[in-house]
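Chemist:
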Amino acid sequence: ERATVRYNSILVAAEGSSLDVGARALLEAKGARTEIISRAITTGGNIIARGYIEGSAPEVKGHLECRGLILQGGGMIHAIPELKGNLAGIDLSHEAAVGKIAEEEVEYLMSRGLTRTEATATIVRGFIRVDIEGLPSMLSAELERAIEASEKELM
99 ERATVRYNSI LVAAEGSSLD VGARALLEAK GARTEIISRA ITTGGNIIAR GYIEGSAPEV
159 KGHLECRGLI LQGGGMIHAI PELKGNLAGI DLSHEAAVGK IAEEEVEYLM SRGLTRTEAT
219 ATIVRGFIRV DIEGLPSMLS AELERAIEAS EKELM
């Protein structure tokens, strides 16, 4: 009872790559909770981001969030959020969005002195920023290094 699971993923697909990644949570005990968060970025590769939450016990709560950003043509992001409720009184939700960087955001940052590349990198960094509750500092530093390496490849 009252179990909690969190799943966070950051996916980056360069040209020629294919990723099919996801998480599945079965909430079968009273008060169980889950949060599945996915960020997907493509610069020409293909991404399938799956998420599935099933609630079958009283007072369960689950949220699924998938956001995708297409930075260059030729790439594809397919978000597949699924919810299944088997009992009254459960609370399951999802949100999914796939799109591009808004030109107005880039122009705003450029009006503040950033180059187009710097503005785009700033927006991408904000997009992939996922606060992972309870992540040890050593892993947080490793994640930061991976984000920086991905930024260099994306730009």
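According to the working numbering, the stretch in the sequence shown is residues 99 to 253, in order. In this text, a Cβ means the ideal position worked out from N, Cα and C, and glycines have one as well. Computed from a predicted model, the values in this text were never measured in an experiment.
1) Could you check whether I199 and R137 sit closer than 8 Å to each other, using their CB atoms as the reference points?
2) In the region 135-173, which residue ranges form an unbroken beta strand (DSSP E) of at least 3 residues, counting only runs that do not cross its ends?
3) Whole angstroms is fine: what's the gap from R104's alpha carbon to A123's?
4) Would you decide whether G224 is buried or exposed? Buried here means 16 or more other CB atoms lie within 10 Å of its CB.
5) Give a yes or no on contact between the region 177-191 and the region 200-217, applying the rule of three or more CB pairs nearer than 8 Å.
6) How is S115 classed by DSSP in three states: helix, strand or coil?
7) Between which two residues does the beta strand (DSSP E) carrying E216 extend?
8) Taking DSSP as the reference, what is the three-state secondary structure of R131?
9) On the criterion of 16 or more Cβ atoms from any shown chain inside 10 Å, does A147 qualify as buried, or is it exposed?
10) How would you write the range of the beta strand (DSSP E) that E193 sits in, first residue to last?
11) If we call anything under 8 Å between Cβ atoms a contact, is S116 one with N144?
12) In its own chain, which residues sit with a C-beta less than 7 Å from the C-beta of A112, not counting the 5 before and 5 after it?
13) Give me whichever residues DSSP pairs with L125 in a beta bridge.
Modeler: Let's see:
1) no
2) 144-153, 159-168
3) 9 Å
4) exposed
5) no
6) coil
7) No beta strand (DSSP E) holds E216; the alpha helix (DSSP H) holding it covers 214-226.
8) strand
9) buried
10) 189-197
11) yes
12) T141, G142, G143, E251
13) G153
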